[in-house]
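Engineer:
Residue numbers (the numbering used here): 136 to 235.
1) At what residue ranges does the region 176-201 contain a whole run of the alpha helix (DSSP H), taking only runs of 4 or more?
2) Which whole-angstrom value describes the C-beta separation of residue 222 and residue 171, a residue pair presumed to lie in contact below a C-beta threshold of 8 angstroms?
3) For residue 176, which residues of its own chain have a beta-carbon under 8 angstroms away from its beta-carbon, when the five flanking residues on both sides are left out?
4) Once the 5 residues before and after residue 162 are set aside, which same chain residues still bring their CB inside 6 angstroms of it?
5) Helix, strand or coil for residue 219, going by three-state DSSP, please let me know.
6) Does the beta-carbon of residue 136 have 16 or more other beta-carbons within 10 angstroms, so that it is buried, or is it exposed?
7) Would you identify the three-state DSSP class for residue 229, choosing helix, strand or coil?
8) Looking only at its own chain, which residues have a Cβ that is under 7 angstroms from the Cβ of residue 148, when we skip the five neighbours before and after it?
9) Please report the distance separating the alpha-carbon of residue 157 from that of residue 181.
10) Does the beta-carbon of residue 228 have 16 or more other beta-carbons within 10 angstroms, so that it is buried, or is it exposed?
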């Protein structure tokens with residue numbers, strides 16, 4: 136019997152959150168590890184980041200506007216509540232960039 140890649144991933148552990156550009160400036164760090172006891176939604180991770188770092192700043196607004204990568208895969212237009220993240224994965228928050 137073969138197992139799926141998701142089943143092979145640890146259920147308890149750390150998820151790495153990486154913040155770029157304005158998100159990094161608002162959070163104050165480029166990367167943090169979040170302990171999880173099982174799979175969580177991307178929405179839960181975003182809410183946690185805002186709770187930890189967003190008091191009095193625009194972090195919720197910036198994270199809402201970010202393109203998000205789960206590992207190296209874009210989340211795209213999926214609802215964040217429907218995106219499951221498991222221990223061992225990384226999430227990258229890429230704010231829109233200006234310029235030309």
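Every residue gets a Cβ at the ideal spot worked out from N, C-alpha and C, and that includes glycine.
Structural biologist: In short, the structure shows the following:
1) 177-188, 194-200
2) 5 angstroms
3) 215, 216, 217, 218, 219, 220
4) The answer, listed in chain order, is 154, 188.
5) strand
6) Note on residue 136: pLDDT 38, under 50, position unreliable in the model; the coordinate value appears next. It counts as exposed.
7) Residue 229 carries a strand assignment under DSSP once its states are collapsed to helix, strand and coil.
8) 171, 222, 223
9) 15 angstroms
10) buried
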